[in-house]
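Residue numbers for the sequence shown follow the UniProt record's numbering, beginning at 1 and rising by one.
What follows is a single structure, written as structure tokens, with notes after it.
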Amino acid sequence: MARRLLLSSNSSANQITQIKQQNIRASEDYHLFHLRQKMPPLKALKKIRPSTASGVLQSNEITGILDDIRPVTAPDKAVVGLDPTFITSRHHIPGAPIISRVRGRQVHGGIPENDFKFGIARRATIAGFEEFEEHEQPKRPSTAVGLSKQLKLEDRITLDHLYRMRQAFEEADSDGNGTLDLEEFKDVIQNLFGTKFKSVDQVTSLFMKIDSSSDGEINWDEFCTFMQLEYAEKEDSYFRSKETSFALPALIENSPQREQVIRVCHTVDNTFLVVSQDGLVSFWSQNLEFKRMKHIESSSKKNKWITDFALVPQYNKFIISTGDREIQFFELSTFEPYCQISGLETTPLRLDYCSTGPDECIIIYGDSQGCVNIFILRSMGETLRNWKKMPKVEGIASVNIDSVVNSENTKFIRWKVHNDWVSQLRYYDSLRAVISCSNHQETGLVIGQTTGSTESQMNPTNDRRKTATTAARDTQPRRRLDADQTVFRVYKGVKTFDFCKEKNLIVTGGMDRLVRMWNPYVPSKPTGILRGHTAPIFHLFISPEDDRIFSISTDKTIKVWDLHDQTCLLTVRPKAHKIRGDLSAIHYNPISRGLAVATSDQVALLPLKIRPTSREVTTTHKEPVTSIKYNKSFKHVLTASEGSVCRVWDIETGNHVFEFNQLHGDSAITCMSFDSTERRLITGGRDGRLRIWNYNNGHCLRTLEKEKDIDEVTDLVYIVMHKNRYIISVGWDRRINVFSDDIDDIHHIQRPYIDWSDDLLNGHKEDILSVAVCPPNLLATSSYDGEIIIWNRISGHIFCHIHSPHKCRGNEDDLSSLDGGNAIDSLVFLTKRSSNKESATLVASGPQGYVHFWNVYSGGTLYSAFKPSQYGMCTMATDSENKRVVTADSAGFVYVWNIEDYCMNGKTKKPPERFSGWRAHVQAITGVELVEAYGVILTSSIDCTVRSWTWEGHFIGTFGQPKPWDINETISYQHPMAPYDVLVDPQTLPSTPMTTEPRPSTQETTNGVIEDEEEKEKEIPSAPSSRFKDSLIINDQEIANELKKRPWTTGMGKRLRHEKLRRQPRDTGGPSHYQTLTCFDLDDTPTLPPPPASSIDDPLDFKV
């Protein structure tokens, strides 16, 4: 009878289990059905492996690790996780029954509660990915800054679209000439994308980008060339953004350790600790400067052999594991012994500590039997104080493992995990699981629970029946159920690993020399394999902020991998870093961004190359910015740097759009301009050449250069005369070079179109720095010696020569003209006044830091001159209506002036009204661009930044900053904040930002226009203000006389102008290296004793 009841109960239990499993499968089929209903129609395509194995993992609420030993009154932790039976058991034992007491117990990981899609748990699967079409795979961003919310038209085009588009080109060519106009191109795009793409503006923009010649037609070859070059430059820009390097060779110091180093770690104050097996701990600064050395003292007669070391920063202590089966606690500040746990079952090999909450922690260690031993401690401070009161053994308070197990605040669990020694283990509180590895192939890497269903089944009344005897503790380790752990089978095992919760990634390495990338929830197959090492992997580290993986092999080869592309970015071999000895321990410090390496002989540091700027400062380029231009047709901002790199930015958001480099080889870009249609970019460089670009894809269309006497180009303009288009450039060759922009010319390299006779005979005698044009026929150029020449650009004849009364003549007593004080760096024509012959129409920035207003129609009459600041002027810009002019100086200050009625009818002694003024940069400003459509001022500087401002001086942002702005929403501006480097610079005055009222100075009130020639001769010019921060002062009379002789005939001033771009040595405020040398007194040399007398008559025997 009892047997029948037992059978009936078993059958009913099996039926209940089957019903539950049927309900789960029905729920999964239900959700899968609705998922497929939302998917597009399937095509007969080849199945592809998904690019990621991550899925939405869901389950019910679970309890915490310490909840079963937590008081009943303690608040519960609302944590959500996943059902381990849905993840692991089916991977290891297919078809095995699921044994789990509580549905939804968490193994590791979890998702926020608001991420739940359905009401019940669902098995993680990747099967649905295989049924998507190929173009629905996750793609890499098309630009280096990622994919924007709205894809551009050119980013939507795939290879299949190209095949269809070629046929559409042939069909849409109605007139049969092989080209498409704008309307025909719109029809092609509409037929290609149908109703999915409705943005007409993007179609027009793409057509304008392809039609760089502005002839209104494009053909198939032009379209393919544009697409190919655009994606080639994007790919190059993508890889350039991932470039990384170490400062080589490494910083190397001889190691004071005589035994093998077992651990390298860093403290909260960024100090490196190097620990060896004999208990010697050496302290090193983040720059690898030796601080001090201490020895972990042992009161016993024999020395303790240390196997591992871990810091406990919450309690200012550290833990060591010894070969005597002990875990000892020491004070970190004094190295005094605190307490120890003795009587362990096996020798601990690897040790780890993790704080899990207020006054709660976990201590784990792996042993030689492949077991993972876990101490879960509650009331850590009280527990340590109680252990401190225990009787001392060999001079340290000792508590036996049995007493630890029977404590109310302590739980001890021992799991049999591996069949070999534990190579590495660590507890991750984000996973709430222990990850351990060994060289055993079947259990290479294991992710397991600290407490699981195994403990409750094996000893269900363990917590209630704890006794003081050793019988309460299981001496034999137990194995977890498959539901409580995830096992990764790795060929030849795992020697080292690292886990990153942010990237949901585990990397492993071992004897097979491969770096494997795993999804922690999918142990069946790695998501990627990184090949390249020729020796076993020794250490791995994931840097989530840089998306990098660092791997070091036993042959001391260091490799840096890209986490997303799974490609090797950098390989550093021993010959480069020069580290000697066998590897002992390695540690990566994410704060100082350095790799600390300890070998048998040395301690070394390999720091990553990082720009030494503050965390709050964002740079636009890696090199000083030399030029800036705004394209109103595409709403792009173009910036150029000394590194010959041109970057394209979106004015509305500040996001990076495009980049192409090596525009002039290794020479810097000095100037830029657009053609009349703003579809092509013209650049000038220090190599003396001009180049015409389709800047939307980086295609060089043409090169303009002279046959001989090639020298640096300083400025250029693009003009249209009688339907003919010309490019005029000036520079250090002291000539005006006119190039014809003829689209029908098939030659890639073109020579100057014509030479002006007046330029050869009566032109500039010094380097030309600036050029400006004014309709209908005027052109102005300025030079290094302060001379301005007005030209008739149609005939090429000189209209007049202009010289400023403030120009320094360079006599014997005044050598300020040698430091560039007479140079005129910028010219601006007030084109709206061109019809008014009585007004000032030309504005010049210089000489001697004055802003000059000239009337060019009366032979060059000075109407006004004033000094906007105490620093030298660098550049200027005016709006389209010529109502405001913006000036910028060498100290980074920007001023906005009201010139609407200024110098309209004659001369004046007063400076114009100043609207606003602020400091935009800490170094010289190289370019100012006005974007009137948005009311924005753009400034570029040699401090490698380009910044955006309002007319009032409100800071919008820096191009290249992580957070984009919305140009139409003032709430997205950085204002009222200011750039960090400007705030901390000593030259920034408190009243400089947001200054609305002009502050009259003696220079502004006294530096008026001298009306008669007698006063001009009597006037003594004020002390010249150099264009640089530090003026060139020469007081030696002999040097002055040599300079007066002028033995050279050409090239004067070129070397001096390079001084402003030379990096000045930084004053650290302390003594120099020479002053810190230690001096020692020398003893007097003792007198030599007289030589002994000899009977031999030696002719060389001299006596003193």
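Every residue gets a Cβ at the ideal spot worked out from N, C-alpha and C, and that includes glycine.
A quick note: this is a predicted structure, and the numbers were derived from the prediction, not measured.
Checklist entry - If you drop the 5 nearest sequence neighbours on each side, which residues of the same chain put their C-beta closer than 8 angstroms to that of G906? => result Residue 906 sits at position 906 when you count from the first residue of the sequence shown. The answer, listed in chain order, is E838 and Y863.
Checklist entry - When the Cα atoms are used, what is the spatial distance from L704 to W732? => result Sequence index remark: in the sequence shown, residue 704 carries index 704 (1-based). Sequence index remark: in the sequence shown, residue 732 carries index 732 (1-based). Each residue's alpha carbon lies about 16 angstroms from the other.
Item to check | Which residues DSSP lists as bridging L182, in chain order | outcome: For the purposes of this step, residue 182 is identified with residue 182 of the sequence shown, where counting begins at 1. Partner(s): none; L182 has no beta bridge.
Item to check | Three-state secondary structure assigned by DSSP to S673 | outcome: Residue mapping note: residue 673 aligns to position 673 of the sequence shown, counting from 1. In this structure, S673 counts as strand in the three-state DSSP scheme.
Next on the checklist: When you compare the CB positions of I925 and S948, do they come within less than 9 angstroms of one another, or not?
Outcome noted: By 1-based counting over the sequence shown, the position of residue 925 is 925. By 1-based counting over the sequence shown, the position of residue 948 is 948. Not a contact, by the Cβ cut-off of 9 angstroms.
Item to check | Residue closest to I794, alpha-carbon to alpha-carbon, out of R725, H764 and H852 | outcome: Position 794 of the sequence shown, counted from the first residue, corresponds to residue 794. Among R725, H764 and H852, the Cα nearest to that of I794 is on R725.
Next on the checklist: By the three-class DSSP mapping on this structure, what secondary structure does K622 have?
Outcome noted: Locating residue 622 in the sequence shown gives position 622, counting from the first residue. Of the three classes helix, strand and coil, the one that applies to K622 here is coil, per DSSP.
Next on the checklist: Using C-beta distances below 7 angstroms, list every residue in its chain close to Y588, excluding the 5 sequence neighbours before and after it, in chain order.
Outcome noted: The count along the sequence shown starts at 1 and reaches residue 588 at position 588. Taken in chain order, the residues that qualify are F541, F550 and L595.
Checklist entry - Which residues bound the alpha helix (DSSP H) around L206? => result Here residue 206 is taken as the residue at index 206 of the sequence shown, counted from 1. V200 to I210 is the span of the alpha helix (DSSP H), which, as asked, contains L206.
Next on the checklist: Can you check which of these residues, Y338, H577 and D269, is closest to L248 by C-alpha distance?
Outcome noted: Taking the sequence shown and counting its residues from 1, the one referred to as residue 248 is at position 248. Looking at the Cα atoms, H577 is the closest of the given residues.
Next on the checklist: Taking 9 angstroms as the threshold (C-beta atoms), are L769 and S782 in contact?
Outcome noted: One-based indexing of the sequence shown puts residue 782 at position 782. One-based indexing of the sequence shown puts residue 769 at position 769. Against a cut-off of 9 angstroms, the Cβ pair of L769 and S782 comes out as a contact.
Item to check | Separation of I591 from K573, as counted between CA atoms | outcome: Residue 573 sits at position 573 when you count from the first residue of the sequence shown. Residue 591 sits at position 591 when you count from the first residue of the sequence shown. The sequence shown places Arg at residue 573, not Lys. Looking at the two C-alpha atoms, the distance is approximately 24 angstroms.
Item to check | Proximal residues to R426 (C-beta, below 7 angstroms), its chain only, five neighbours per side dropped | outcome: Mapped onto the sequence shown, residue 426 falls at position 426. So the qualifying residues of the chain are D352 and I435.
Next on the checklist: Taking 8 angstroms as the limit between beta carbons, can you name the residues of its chain near R548, skipping five residues before and five after?
Outcome noted: Taking the first residue of the sequence shown as position 1, residue 548 is located at position 548. Result list for R548: T244, I542, V560, W561, D562, L563 and L569, in chain order.
Checklist entry - Do the stretch 354 to 374 and the stretch 393 to 402 meet, that is, are 3 or more Cβ pairs less than 8 angstroms apart? => result no
Next on the checklist: Taking only three categories from DSSP, how would you classify I628?
Outcome noted: Working through the sequence shown from its first residue, we reach residue 628 at position 628. Looking at I628 - three-state DSSP - the assignment turns out to be strand.
Checklist entry - Is S972 helix, strand or coil by DSSP? => result Taking the first residue of the sequence shown as 1, we reach residue 972 at position 972. Note: S972 maps to helix in three-state DSSP.
Next on the checklist: Using the three-state DSSP reduction, which class does T1087 fall into: helix, strand or coil?
Outcome noted: Position 1087 of the sequence shown, counting from 1, holds the residue named residue 1087. If DSSP states are grouped into helix, strand and coil, T1087 belongs with coil.
Item to check | Q602 vs S255 beta-carbon contact at 9 angstroms | outcome: Counting from 1 along the sequence shown, the entry for residue 602 is found at position 602. Counting from 1 along the sequence shown, the entry for residue 255 is found at position 255. Contact flag set, yes.
Checklist entry - Roughly how many angstroms lie between the CA atoms of N655 and K234, to the nearest whole one? => result Residue numbering aside, residue 655 sits at position 655 when the sequence shown is read from its first letter. Residue numbering aside, residue 234 sits at position 234 when the sequence shown is read from its first letter. The alpha-carbon atoms of N655 and K234 are separated by roughly 15 angstroms.
Checklist entry - Taking the beta strand (DSSP E) that T271 falls in, what are its first and last residues? => result To locate residue 271, count along the sequence shown from 1; it is residue 271. Taken as a continuous stretch (DSSP letters only), T271 belongs to no beta strand (DSSP E), as it is neither H nor E.
Item to check | Nearest residue (CA-CA) to A780, options R751, F829 and I754 | outcome: Walking along the sequence shown from the start, residue 780 turns up at place 780. Looking at the Cα atoms, F829 is the closest of the given residues.
Next on the checklist: Residues in the same chain with beta-carbon distance under 6 angstroms from V617, minus the five sequence neighbours each way, listed in chain order, please.
Outcome noted: Taking the sequence shown and counting its residues from 1, one reaches residue 617 at position 617. Only Y980 and D981 meet the Cβ criterion.
Checklist entry - What are the boundary residues of the beta strand (DSSP E) that includes D825? => result As a working mapping, residue 825 is identified with position 825 in the sequence shown. Unbroken run through D825: none, as it is neither H nor E.
Next on the checklist: Here's the rule I'm using: 16 or more other beta-carbon atoms within 10 Å means buried, otherwise exposed. How should I1039 be labelled?
Outcome noted: By one-based count along the sequence shown, residue 1039 stands at place 1039. Per the 10 Å Cβ criterion, exposed.
Checklist entry - Tell me, which residues are paired with A844 by DSSP? => result Position 844 of the sequence shown, counted from the first residue, corresponds to residue 844. Answer is L827 and H852, bridged to A844.
Item to check | Nearest candidate by alpha-carbon position, reference W649, set H440, H806 and Y630 | outcome: Numbered from 1 along the sequence shown, position 649 holds the residue referred to as residue 649. Of H440, H806 and Y630, the residue nearest in Cα terms is Y630.
Item to check | Whole-number beta carbon distance between T626 and E642, since they are thought to touch under 8 angstroms | outcome: Counting from 1 along the sequence shown, the entry for residue 642 is found at position 642. Counting from 1 along the sequence shown, the entry for residue 626 is found at position 626. With a Cβ gap of about 6 angstroms, E642 and T626 count as contacting.
Checklist entry - Three or more C-beta pairs closer than 8 angstroms, one from the stretch 336 to 356 and one from the stretch 301 to 315: is that the case here? => result yes
Checklist entry - CA-CA distance, H161 and N439? => result Mapped onto the sequence shown, residue 161 falls at position 161. Mapped onto the sequence shown, residue 439 falls at position 439. Whole-angstrom Cα-Cα distance: 50 angstroms.
Next on the checklist: So that I know if they touch, is there some Cβ in chain D lying closer than 9 angstroms to that of F915?
Outcome noted: Structure shown: chain D not included; a single protein chain is present.
Next on the checklist: Assuming K388 is part of the alpha helix (DSSP H), what are its boundary residues?
Outcome noted: Reading the sequence shown from its first residue, position 388 is the one you call residue 388. Unbroken alpha helix (DSSP H) run through K388: M380 to K388.
Next on the checklist: The beta strand (DSSP E) that contains K291, what's its start and end?
Outcome noted: For the purposes of this step, residue 291 is identified with residue 291 of the sequence shown, where counting begins at 1. Taken as a continuous stretch (DSSP letters only), the beta strand (DSSP E) holding K291 covers F290 to H295.
Item to check | Residue of R516, P805, T831 and D269 minimising C-alpha distance to A772 | outcome: Walking along the sequence shown from the start, residue 772 turns up at place 772. Among R516, P805, T831 and D269, the Cα nearest to that of A772 is on T831.
Checklist entry - What span of residues does the beta strand (DSSP E) with D889 cover, start to end? => result Along the sequence shown, one-based indexing puts residue 889 at 889. Per DSSP, D889 belongs to the beta strand (DSSP E) from R884 to D889.
Next on the checklist: Taking its Cβ as the centre, do 16 or more other Cβ atoms sit within 10 Å of D423, making it buried, or is it exposed?
Outcome noted: Here residue 423 refers to the residue found at position 423 when the sequence shown is read from its first residue. The question names Asp, yet the displayed sequence has Ser at residue 423. Buried.
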